[in-house]
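Remarks on the structure that follows.
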Amino acid sequence: AQSVTQLGSHVSVSEGALVLLRCNYSSSVPPYLFWYVQYPNQGLQLLLKYTTGATLVKGINGFEAEFKKSETSFHLTKPSAHMSDAAEYFCAVSRGTALIFGKGTTLSVSS
Amino acid sequence: GAVVSQHPSRVICKSGTSVKIECRSLDFQATTMFWYRQFPKKSLMLMATSNEGSKATYEQGVEKDKFLINHASLTLSTLTVTSAHPEDSSFYICSARPDEMNTEAFFGQGTRLTVV
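As they're listed, the protein sequences go chains A and B. Going by my numbering, the first residue of the first sequence is number 2, and it counts up by one from there. Going by my numbering, the first residue of the second sequence is number 745, and it counts up by one from there.
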């Protein structure tokens with residue numbers, strides 16, 4: 002069965018610091034992987050996705066993620082955090098046409 | 745990107761009443777839509793997959809008689825919370841995927857349901 006595990010429910014960084022949000026997946030088939038961001042009381046916005054091809058995926062707002070099959074990981078990074086990046090981040094894996102989400106990681110950014 | 749509209753954004757209802765939430769794909773057709781429930785500080789839990797013209801597929805542990813899903817057209821799915829109780833209070837989010845798997849899902853803005 003497809004699932005994702007997000008390591009760390011809460012990550013705190015300083016403005017300008019590297020952001021690293023961890024996601025490991027489990028899938029019985031080649032996975033399609035996604036990262037979404039959610040702001041309070043809002044729906045989800047797609048940051049980036051991996052389907053096939055290049056393993057380093059670039060998304061919006063300066064985020065990127067690398068698919069590592071050997072490590073079953075799809076960690077999200079951003080070189081320099083901005084205050085506006087503070088939000089909830091979800092990693093997800095496709096299960097058929099549905100998405101299965103991790104528990105989420107809250108990113109806090111301090112000045 | 746494609747737009748999914750969810751209505752209402754907030755609703756307060758009394759215990760024992762039913763509440764209907766609508767999910768519309770505004771600029772694409774979606775044979776399949778999805779309903780999620782999000783608890784405070786928790787992940788999105790897939791409740792059911794809504795299939796146009798046929799019965800919804802519910803995830804294990806989700807009461808199909810409590811959460812009625814109707815997908816009457818290629819652009820509209822509805823979730824009805826029947827005989828609502830305070831424990832049904834939550835944030836409900838729908839999503840729709842236009843076609844093949846490598847297309848991202850588009851999400852509605854969510855509905856905050858409070859049962860008093």
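Even for Gly, the Cβ is constructed at its ideal location relative to N, Cα and C.
query = Quick one: Cα of LEU100/A to Cα of CYS92/A, how far?
reply = As a working note, residue 100/A is residue 99 in the first sequence. As a working note, residue 92/A is residue 91 in the first sequence. Those two C-alpha atoms are separated by around 10 Å.
ask   = Nearest chain B C-beta to ILE101/A closer than 8 Å, yes or no?
value = What you label residue 101/A is simply residue 100 of the first sequence in a count that begins at 1. At least one chain B Cβ lies under 8 Å of ILE101/A.
key: Proximity to ASN25/A [Cα-Cα], best of TYR33/A, MET84/A and LEU45/A   = Counting from 1 along the first sequence, the entry for residue 25/A is found at position 24. Of the listed residues, the one whose Cα sits closest to ASN25/A is TYR33/A.
request  = Kindly say whether ALA849/B, judged by its beta-carbon, lies nearer than 8 Å to any beta-carbon of chain A.
outcome  = The residue labelled residue 849/B in the question sits at position 105 within the second sequence. The beta carbon of ALA849/B sits closer than 8 Å to some beta carbon of chain A.
Start-to-end residues for the beta strand (DSSP E) that takes in LEU2/A = As a working note, residue 2/A is residue 1 in the first sequence. In the sequence under discussion, the amino acid at residue 2/A is Ala, which differs from the Leu named in the question. Run containing ALA2/A: none; DSSP gives neither H nor E here.
key: Cβ-based neighbour list, GLN46/A, same chain, cut-off 6 Å, excluding 5 preceding and 5 following   = In the first sequence, counting from the first residue as 1, residue 46/A sits at position 45. Taken in chain order, the residues that qualify are VAL38.
inquiry  = DSSP three-state label for LYS79/A, please.
reply    = Within the first sequence, numbered from 1, the residue matching residue 79/A stands at position 78. LYS79/A falls in the strand class under three-state DSSP.
ask   = Of all Cβ atoms in chain B, is any one closer than 8 Å to the Cβ of GLN3/A?
value = Locating residue 3/A in the first sequence gives position 2, where the first residue counts as 1. No, GLN3/A does not count as interfacial toward chain B.
request  = Just the chain A side, please: which residues come within less than 7 Å of PHE783/B by C-beta, in chain order?
outcome  = Taking the second sequence and counting its residues from 1, the one referred to as residue 783/B is at position 39. Ordered by position in chain A, no residue passes the 7 Å Cβ test against PHE783/B, which lies about 11 Å from the chain.
query = For SER762/B versus THR822/B, is the C-beta distance shorter than 8 Å?
reply = For the purposes of this step, residue 762/B is identified with residue 18 of the second sequence, where counting begins at 1. For the purposes of this step, residue 822/B is identified with residue 78 of the second sequence, where counting begins at 1. When the beta-carbon positions are compared, SER762/B and THR822/B stay at least 8 Å from each other.
ask   = Measuring CB to CB, does VAL12/A end up less than 8 Å from GLY103/A?
value = For the purposes of this step, residue 12/A is identified with residue 11 of the first sequence, where counting begins at 1. For the purposes of this step, residue 103/A is identified with residue 102 of the first sequence, where counting begins at 1. Result no, Cβ atoms of VAL12/A and GLY103/A do not sit closer than 8 Å.
inquiry  = To test your reading of the DSSP string, which unbroken beta strand (DSSP E) runs of 3 or more residues are found completely within the region 756-783 of chain B?
reply    = Counting only runs of at least 3 residues, the region 756-783 of chain B fully encloses the following beta strand (DSSP E) elements, listed from N- to C-terminal order: 763-769 and 776-782.
message = So, for ALA800/B: in the same chain, excluding its five sequence neighbours on each side, which residues have a beta-carbon less than 6 Å away from its beta-carbon?
response = As a working mapping, residue 800/B is identified with position 56 in the second sequence. Hits under 6 Å: ALA792, SER794 and ILE813.
query = Taking Cβ-Cβ distances shorter than 7 Å, what residues in chain A pair up with GLY760/B?
reply = The sequence position of residue 760/B within the second sequence is 16, counting from 1. Residues of chain A passing the Cβ test: none, with the nearest at roughly 26 Å.
Exposure of ARG96/A, with buried meaning 16 or more beta-carbon neighbours within 10 Å = Indexing the first sequence from 1 puts residue 96/A at position 95. Per the 10 Å Cβ criterion, buried.
query = For LEU820/B and chain A, any beta-carbon pair shorter than 8 Å?
reply = Translated into positions along the second sequence, residue 820/B becomes position 76. Cβ-Cβ to chain A under 8 Å: no for LEU820/B.
inquiry  = Taking CB distances under 8 Å as the criterion, tell me whether ARG768/B reaches chain A.
reply    = Start at 1 with the first residue of the second sequence, and residue 768/B comes out as number 24. No, its Cβ sits nowhere closer than 8 Å to a Cβ of chain A.
inquiry  = So, for ARG781/B: in the same chain, excluding its five sequence neighbours on each side, which residues have a beta-carbon less than 6 Å away from its beta-carbon?
reply    = Along the second sequence, one-based indexing puts residue 781/B at 37. Within the same chain, ARG781/B has close Cβ partners MET789, MET791, SER834 and TYR836.
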